[in-house]
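The structure appears below as structure tokens.
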Amino acid sequence: MSVAISTSTTIAWFYACNVNDVPNNGGVCVKYDEVQIALFRFARRDAWYATQNLCPHRQQMALSRGMTGTHNGEPKVACPFHKKTFSLEDGRCLSDDTECSLTTYPVKVEGDSVYIGIMQEA
């Protein structure tokens, strides 16, 4: 006999920064414990995105300094070292068929405060 074990996850929101700390159409690096997170502000879309800061190809903390833009209307970031591009919506690689991808995080803005969500098991 097998028993199904269900785990539920919740989102824990942490304060990342003030909206004015992030340049329009650019990014910054935010730390949560030992994790570096790249936070991006797309002013022209009035949208915010967060991903891991670690480039999965070069294994360097650099994505927050990457160039942002769009690919077929989808927001993206390009690694500043090798220009491999990633979707800011779901983290998949847009440059080629490689299987590297980014972890993405939910973002919310309340007033002038920006929060990033971290999934936690309840």
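Going by the working numbering, the first residue of the sequence shown is number 27, and it counts up by one from there. We put the beta carbon where it would ideally sit given N, CA and C, even for glycine. Computed from a predicted model, the values in this text were never measured in an experiment.
Closest Cα partner of residue i within the set the options
{"i": "F107", "options": "R67, G92 and R118", "result": "G92"}
{"i": "K109", "options": "W39, C81 and R70", "result": "C81"}
{"i": "A38", "options": "E100, V45, P132 and A104", "result": "P132"}
{"i": "Y141", "options": "T35, G52, E60 and F66", "result": "F66"}
{"i": "T111", "options": "K57, H83 and D72", "result": "H83"}
{"i": "E60", "options": "Q78, E115, N44 and R70", "result": "Q78"}
{"i": "A88", "options": "Y75, E100, W74 and A104", "result": "A104"}
{"i": "L120", "options": "E136, V135, K134 and G99", "result": "G99"}
{"i": "V48", "options": "F40, T36, A76 and Y58", "result": "A76"}
{"i": "E115", "options": "T129, E125, T124 and D122", "result": "T129"}
Euclidean distance between Cα positions of residue i and residue j
{"i": "F68", "j": "N50", "result": "6 Å"}
{"i": "S90", "j": "Q146", "result": "24 Å"}
{"i": "N46", "j": "D138", "result": "8 Å"}
{"i": "K170", "j": "S34", "result": "The chain is shown from 27 up to 148; residue 170 falls before or after that span and cannot be answered."}
{"i": "C55", "j": "I63", "result": "6 Å"}
{"i": "W74", "j": "S127", "result": "19 Å"}
{"i": "I144", "j": "G117", "result": "15 Å"}
{"i": "K57", "j": "S113", "result": "21 Å"}
{"i": "C43", "j": "D122", "result": "33 Å"}
{"i": "D72", "j": "E136", "result": "13 Å"}
Assumed close pair residue i, residue j - CB separation to whole angstroms, cut-off 8 Å
{"i": "T94", "j": "G53", "result": "7 Å"}
Residue i - containing beta strand (DSSP E), residue span
{"i": "P101", "result": "E100 to A104"}
Exercise for the section: Please go through the region 114 to 147 and give each complete beta strand (DSSP E) segment of 3 or more residues, from N-terminal end onward. Expected result: 133 to 136 and 139 to 147
Practice task
Note down, one range per segment and in chain order, each alpha helix (DSSP H) of at least 4 residues found wholly within the region 29 to 97.
Solution key: none
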